[in-house]
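Chemist:
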Amino acid sequence: MGKILVTGGLGYIGCHTTVELLGKGIEVVVVDNLSNTTIDVKNRIEKIAGKSFPFYEIDVCNTEKLKEVFASENITGIIHFAAFKAVGESVENPILYYRNNIEGLISLLECVKEYNVPNIVFSSSCTVYGDTKESPITEEHPIVQAISPYGTTKIVGEQILFDFANVSSTKVVSLRYFNPVGAHSSSLIGELPIGIPNNLIPYVTQTAAGIREKLTIFGNDYNTPDGTNIRDFIHVVDLAKAHVKAIDFADNHSFKVEVFNLGTGKGTSVSEVVDTFEKVNSLSLNHIYGPRRAGDVEQIWADATKANEILGWKAEISLEEMLRTAWDWQQTLKD
Ligand code: UD1
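Numbering of the sequence shown is given in numbering that gives the first Met the number 0, commencing with residue 0 and proceeding in unit increments.
1) Given that a residue counts as buried once 16 or more other Cβ atoms are within 10 Å of its Cβ, and exposed if not, what is N99?
2) Which residue wins for smallest C-alpha separation from T227, given the options V272, H79, Q158?
3) What residue ranges within the region 90-124 form continuous alpha helix (DSSP H) runs of no fewer than 4 residues, ordered along the chain?
4) Does the Cβ of H252 have 16 or more other Cβ atoms within 10 Å, making it buried, or fewer, making it exposed?
5) So, with DSSP's three-state summary, where would you put T324?
6) So D250 packs on G76, CB below 8 Å; how close in whole Å?
7) For P179, count neighbouring Cβ atoms within 10 angstroms of its own Cβ and tell me buried if that reaches 16, exposed if not.
8) Nearest to L33 by CA position, among S317, I246, C14, D225, is which residue?
9) If you count every other CB in all the chains shown that lies within 10 Å of the CB of I142, and 16 or more means buried, which is it?
10) Measuring alpha carbon to alpha carbon, tell me which of I229, L238, L214, K46 ends up nearest D130.
11) Confirm the yes/no value for this check: CB of N197, any heavy atom of the ligand UD1, distance under 7 Å.
12) Please work out which residues of its chain come closer than 6 Å, Cβ to Cβ, to S177, disregarding the five sequence neighbours upstream and downstream, and give them in chain order.
13) In or out: D58 buried (at least 16 other Cβ within 10 Å) or exposed?
14) Could you spell out where the beta strand (DSSP E) holding G76 opens and where it closes?
15) With DSSP collapsed to three states, give me the class of L187.
16) On the CB-based measure, 16 or more other CB atoms within 10 Å of its CB, does I405 come out buried or exposed?
17) State the DSSP-derived secondary structure class of L282, mapped to helix, strand or coil.
18) Please give the ranges of any beta strand (DSSP E) in the region 231-282, keeping only runs that are unbroken, at least 3 residues long and fully inside the region.
19) Do S106 and C60 come within 8 Å of each other at the CB atom, strictly closer than that value?
20) Counting only runs that start and end within the region 34-65, where is the beta strand (DSSP E) found for 3 or more residues in a row?
21) With H, G and I counted as helix, E and B as strand and the rest as coil, what does DSSP make of K23?
22) The ligand UD1 and R230: does any heavy atom of the ligand fall closer than 7 Å to the residue's C-beta?
23) Assuming the contact rule is C-beta atoms closer than 8 Å, T6 and I44 should be a hit. Round their C-beta distance to whole Å, please.
24) For a test of your reading of the model: does the CB of N92 fall under 7 Å from any non-hydrogen atom of the ligand UD1? Yes or no.
25) Considering only heavy atoms of the ligand UD1, does any lie closer than 7 Å to the CB of V120?
26) For Y149 and P196, I'd like the C-alpha separation in whole angstroms.
27) Fully enclosed by the region 177-222, which beta strand (DSSP E) runs are 3 residues long or longer?
28) Can you tell which of K41, G49, G10 has its C-alpha closest to the C-alpha of G24?
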């Protein structure tokens, strides 16, 4: 398979993917600017995998530095995670998001072009489907106007890649994630919280740990069975495994562009998450119902049939395990 460059390889999804790649005996090179992680994650990945790998502390926007990596490593495929991902922050500071996520991708593609890299796997999101009412949702669903600048960077990022694939020999796989949660079973890696979490699961685990006073469930008057939003939560290790399948697929098939939904295919409500979290971890979570959060989609879950059939991938880890590993990981963190 050759050497795979993982950008953002020390981030939340990146580090779990690096573990899976190394576990399959695939050579990995990681580039990360450490803007949302620490160097210690490299040691932790190596501890789990029992192998080391080359690491470059580089911002992907720095094309000259990035080119040096391509010049010294024989990169045969890329998994591109390096990007900002906080929806609210992107609304506050859109320019930051466009510069980092779009400029970073263009910078990377300049290297791909110069070094003729045969394939690239892109981190996309179900946010490209916008405020849809149709679930389960397939890849055929139209791409609509994004709800946030973060979402726009995913829609535009995909378009840039598709345009590039059209005029080059590079194959593009775009993976549209639903809601990645949980942590590695070793509790050595997981999501590193910075500031007050926006996402549900880190807020839940920090509340259980006493770092936050209570969880506010944003709205219980939605048109869903229990009135709360429905999402497709997927364990980060299942998601990581899909990247290994995607890179292998790109290596062995002839195509220009492929898009895959990555979810379990099952919708779970926010209330069900709280109940399950309490049950599997034998604790009680201080929570209240509050007003709806602006920009939230009522309900969305994946039709992951295409990834099941074409990539030969299926999410296997249960909601219980997602919430158990998330709590185990939280307990290893100092507040
Ligand atoms: C959002 C983005 C998604 C992105 C993800 C990661 C959209 C439509 N979705 O997902 O693309 O990949 O963030 O940042 O832009 N909730 C509470 N209380 C809380 C926190 C969350 O009730 O304190 C609820 C939310 O209202 C929502 C659910 O939990 O219904 C999940 O929220 P969250 O974890 O933030 O993810 P999404 O908004 O689904």
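From the three backbone atoms N, C-alpha and C, an ideal C-beta is built for every residue, glycine too.
Since the model is a prediction, treat every value here as computed from it, not as a measurement.
Modeler: So, from the data block:
1) buried
2) V272
3) 93-96, 103-114
4) exposed
5) helix
6) 7 Å
7) buried
8) C14
9) exposed
10) I229
11) yes
12) Ser is not the amino acid found at residue 177; the sequence shown has Phe there. C125, D231, I233, G262, A301, listed in sequence order.
13) buried
14) 74-79
15) coil
16) Here the chain comprises residues numbered 0 to 334, so residue 405 is not present and cannot be evaluated.
17) coil
18) 232-234, 256-261
19) yes
20) 54-56
21) coil
22) yes
23) Rounded, the Cβ-Cβ distance is 15 Å, inconsistent with contact.
24) no
25) no
26) 16 Å
27) 178-180, 214-217
28) G49
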